[in-house]
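Participant:
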Amino acid sequence: MKKRKDQIFFAKAVYDGKEINAVVDCLKYGWLGTGRLTERFEKRFAKYIGMPYASLVNSGSSANLLAIRVLNLPEGSKVLTCAAGFPSTLSPIWHSHLQVVAVDVDLKSLNIDLDRVEQAVKKHKDIKAIIFAHTLGNPVDMKRIMHLASKYKLQVIEDNCDGLGSEIYGRKTGSFGNFSTCSFYASHHMTLAGAGGIVLSKNEKSAYRVKSLREWGKEQITLGYDKDHGVYFDSISNGVPYDHRYSYSEIGYNFKVPEIMAAFGLVQMDRLENFHRDRRKNFKYLMTKLNKLGDYFHFVETLPQANPSWFNFPLTLRDKVPFSRKDLVEFLEKNKIRTRLFFAGNILRQSGFKSLPVILVGGLETADKVHRDSFLLGVHSSQTKEMLDYMIDAIEEFIKTNK
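FYI, the numbering for the sequence shown is 37 to 439, going by our numbering.
(1) State the Cα-Cα distance for the pair D409 and K114, rounded to the nearest angstrom.
(2) Can you find at least 3 beta carbon pairs, one from the segment 111-128 and one from the segment 279-290, that sit closer than 8 Å?
(3) Between which two residues does the beta strand (DSSP E) containing D195 stretch?
(4) DSSP three-state label for F319, please.
(5) Quick check on this structure: which residue in D314, L368 and G210 has the alpha carbon closest to the alpha carbon of F347?
(6) Can you give me the C-alpha to C-alpha distance between E309 and G253, rounded to a whole angstrom?
(7) Let's test the definition: count the other Cβ atoms within 10 Å of the Cβ of D363 and tell me whether it reaches 16, buried, or not, exposed.
(8) Which residue from K158, S98, C62 and G414 puts its Cα closest to that of C197?
(9) So, is A231 buried or exposed, given that buried needs 16 or more other C-beta atoms within 10 angstroms?
(10) By Cβ distance, which residues of its chain are closer than 6 Å to K48, with the 5 residues on each side in sequence left out?
(11) Please classify L190: is it buried, with 16 or more other beta-carbons within 10 angstroms of its beta-carbon, or exposed?
(12) One question on the structure: do L200 and S345 come within less than 9 Å of each other, judged by their Cβ atoms?
(13) Are there 16 or more other CB atoms within 10 angstroms of the CB of A298, so buried, or fewer, so exposed?
(14) Let's test the definition: count the other Cβ atoms within 10 Å of the Cβ of L63 and tell me whether it reaches 16, buried, or not, exposed.
(15) How would you write the range of the alpha helix (DSSP H) that A82 sits in, first residue to last?
(16) Closest to T420 by CA distance: which of E251, N318, R374 and F220 is it?
(17) Contact between the segment 346-361 and the segment 385-392: three or more CB pairs below 8 Å?
(18) Short of 6 Å in beta carbon distance, which residues of its chain neighbour L116, apart from the five on each side in sequence? Order them along the chain.
(19) Can you tell which of E154, S237, F411 and E295 has the C-alpha that lies nearest to the C-alpha of L102?
(20) Residues in the same chain with beta-carbon distance under 6 Å from Y188, minus the five sequence neighbours each way, listed in chain order, please.
(21) Alpha carbon to alpha carbon, how far is K250 from F379?
(22) Is the CB-CB distance between L150 and D177 below 9 Å?
(23) Alpha carbons only, please: which of R40, P88, L92 and E55 is nearest the one belonging to P294?
(24) Taking the straight line between their C-alpha atoms, what separation do you get for G206 and N57?
(25) Say yes only if the C-beta of E194 is nearer than 8 Å to one or more non-hydrogen atoms of the ligand ATP, and no if none qualify.
(26) Assuming L8 contacts P350 under a Cβ cut-off of 8 Å, what Cβ separation, rounded to an integer in Å, is found between them?
(27) Identify every run of the alpha helix (DSSP H) within the segment 130-162, keeping only runs that are complete inside it and at least 4 residues long; order them along the chain.
(28) Can you list, in chain order, the stretches of the alpha helix (DSSP H) that have 4 or more residues and sit fully within the segment 300-388?
(29) From the DSSP output, in three-state form, read off I257 for me.
(30) T338 to R180, Cα distance in whole Å?
(31) So what's V415 in DSSP terms, helix, strand or just coil?
(32) Please return the same chain residues whose Cβ sits closer than 6 Å to the Cβ of E111, not counting the five positions on each side in sequence.
(33) How is T227 classed by DSSP in three states: helix, strand or coil?
(34) Buried or exposed: where does V121 fall if 16 or more other Cβ atoms within 10 Å of its Cβ makes it buried?
(35) Helix, strand or coil for T217, going by three-state DSSP, please let me know.
(36) Can you tell me which of Y426, F45, I428 and M427 puts its alpha carbon nearest to the alpha carbon of A222?
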């Protein structure tokens, strides 16, 4: 295998002059704060997912925090989640002064273990909500989740940050729960010029509260000063008539986005189906070629009713293979193939999380395994067949010399 001169990136945003022109047009318009383009993006994205309301924010992590906040749970309420994955699925529960209940990950799907979920809600009947990711774009069994949610009166948040465009039972992931979230970071399916996130809601009151919390806890939301909103002094603050744009009904955040991000994102949405096509094609190609290495790796499995739009291609070493993940990943990196580990792995083993109070239901053996043995390869639109073949050849060469 001849070593490449240039890198094969793990992820790469795809854009051209159309996005650049849209941003320039926005700058020329003169209003840079949240405004008409943000509103247009929210409506278009909500329709795409199949949810009534959307609120654009600065990141997927912010979106998860707002979704948790808007559940309106009393302090100390129990919220169920998975111990393995990206920290911002789990950390908003602590940020919101709620009690984390954690279960293991399923090795086949790399999603939350639904048998453990059922065990948890039977054991802790005071669990109020569940938040979980459609990991790497692989849809969770939403019929089973929604059945448990109905039976045990759970509110459901779908963390769809990995799963934009994935489908199960004929519906988009992110369209089943009370809330769902998505991320537009630079490495994701599409981007809003390098960042961004969104909260999708099923009812108008919750959506309005998300927007209020996004904007410091404002009592009333008016998008942009480029519009004439008429009367402003229709609010009362401590007995004084007050401009509703500066009246605050609760303590919120500044999670707003500049208008240029929405301008960029509207063009990205025109490309979205092509992005999904490329990711599915690249994933399928890697799976077809690497499947013969099943003695060395666990490969991710999907439900027959699922149509994932893959975020990455995961590989998990089987027990007792004659090499370590570290050895393989270092070999790939030295040969210009960029990789990532399985996010935080077992989040509860990370130093910043070890001392935090958690209720565990069952062990975390699989979370520990992905922490130790899993890693990810890219499947994004910028990858060519030649790049994919090089990745395959590199893995095969490593195994041949490390049997």
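Glycine is no exception: its CB is placed at the ideal position from the N, C-alpha and C atoms. The structure displayed is predicted, hence computed values, not measured ones.
Facilitator: To lay it out plainly:
(1) Translated into the one-based positions of the sequence shown, residue 409 becomes position 373. Translated into the one-based positions of the sequence shown, residue 114 becomes position 78. Straight-line Cα distance between these residues: approximately 30 Å.
(2) no
(3) Start at 1 with the first residue of the sequence shown, and residue 195 comes out as number 159. Segment Q191 to D195, the beta strand (DSSP E) holding D195.
(4) Taking the first residue of the sequence shown as position 1, residue 319 is located at position 283. In this structure, F319 counts as helix in the three-state DSSP scheme.
(5) Translated into positions along the sequence shown, residue 347 becomes position 311. With distances taken between Cα atoms, F347 lies closest to D314.
(6) On the sequence shown, residue 309 is found 273 positions in, with the first residue counted as 1. On the sequence shown, residue 253 is found 217 positions in, with the first residue counted as 1. Each residue's Cα considered, the two are about 36 Å apart.
(7) Counting from 1 along the sequence shown, the entry for residue 363 is found at position 327. Burial call: exposed.
(8) As a working note, residue 197 is residue 161 in the sequence shown. Checked all of K158, S98, C62 and G414; the closest Cα to C197 is S98.
(9) On the sequence shown, position 195 is the one that residue 231 refers to. With 16 or more other Cβ atoms within 10 Å, it is buried.
(10) Taking the sequence shown and counting its residues from 1, the one referred to as residue 48 is at position 12. Excluding sequence neighbours, K48 sits near H416 and S418.
(11) On the sequence shown, position 154 is the one that residue 190 refers to. The residue in question, L190, is buried, as its Cβ has 16 or more Cβ neighbours within 10 Å.
(12) As a first step, residue 200 is located in the sequence shown; it is residue number 164 there, counting from the start. As a first step, residue 345 is located in the sequence shown; it is residue number 309 there, counting from the start. Result yes, Cβ atoms of L200 and S345 sit closer than 9 Å.
(13) On the sequence shown, residue 298 is found 262 positions in, with the first residue counted as 1. Looking at its Cβ environment, which holds 16 or more other Cβ atoms inside 10 Å, A298 is buried.
(14) As a position in the sequence shown, residue 63 is number 27, starting the count at 1. When all chains shown are included, L63 counts as exposed.
(15) Here residue 82 refers to the residue found at position 46 when the sequence shown is read from its first residue. First-last of the alpha helix (DSSP H) with A82: R72 to I85.
(16) Here residue 420 refers to the residue found at position 384 when the sequence shown is read from its first residue. Among E251, N318, R374 and F220, the Cα nearest to that of T420 is on N318.
(17) no
(18) Here residue 116 corresponds to residue number 80 of the sequence shown, with the count starting at 1. Taken in chain order, the residues that qualify are V137, A156, I163 and I166.
(19) Position 66 of the sequence shown, counting from 1, holds the residue named residue 102. Comparing Cα-Cα distances from L102 to each of E154, S237, F411 and E295, the minimum goes to S237.
(20) Taking the first residue of the sequence shown as 1, we reach residue 188 at position 152. For Y188, where only same-chain residues beyond five positions count, the Cβ hits under 6 Å are V157.
(21) By 1-based counting over the sequence shown, the position of residue 250 is 214. By 1-based counting over the sequence shown, the position of residue 379 is 343. One detail in the question is off: residue 250 reads as Arg in this sequence, not Lys. Taking the straight line joining both Cα atoms gives about 26 Å.
(22) Counting from one through the sequence shown, the residue named residue 150 turns up at place 114. Counting from one through the sequence shown, the residue named residue 177 turns up at place 141. Cβ distance < 9 Å, so L150 and D177 count as in contact.
(23) The residue labelled residue 294 in the question sits at position 258 within the sequence shown. Among R40, P88, L92 and E55, the Cα nearest to that of P294 is on L92.
(24) For this step, residue 206 is matched to residue 170 along the sequence shown. For this step, residue 57 is matched to residue 21 along the sequence shown. Near 35 Å, if we compare the C-alpha coordinates of N57 and G206.
(25) No copy of the ligand ATP occurs in the structure displayed, which carries no ligand at all.
(26) Only positions 37 to 439 of the chain appear in this structure, which leaves residue 8 out of reach.
(27) 150-159
(28) 361-370
(29) For the purposes of this step, residue 257 is taken as the residue at position 221 of the sequence shown. I257: coil per DSSP, three-state reduction.
(30) Counting from one through the sequence shown, the residue named residue 338 turns up at place 302. Counting from one through the sequence shown, the residue named residue 180 turns up at place 144. Their backbone Cα atoms lie some 15 Å apart in a straight line.
(31) Walking along the sequence shown from the start, residue 415 turns up at place 379. In the structure shown, V415 sits in coil (DSSP, three-state: anything other than H, G, I, E or B).
(32) Residue mapping note: residue 111 aligns to position 75 of the sequence shown, counting from 1. H133, listed in sequence order.
(33) As a working note, residue 227 is residue 191 in the sequence shown. In the structure shown, T227 sits in coil (DSSP, three-state: anything other than H, G, I, E or B).
(34) As a first step, residue 121 must be located in the sequence shown, where it is residue number 85. In the sequence on display, residue 121 carries Gly and not Val. Classification for G121: buried.
(35) For the purposes of this step, residue 217 is taken as residue 181 along the sequence shown, with counting starting at 1. DSSP places T217 in strand when its eight states are reduced to three.
(36) Taking the first residue of the sequence shown as position 1, residue 222 is located at position 186. Selected option, being the one with the closest Cα: F45.
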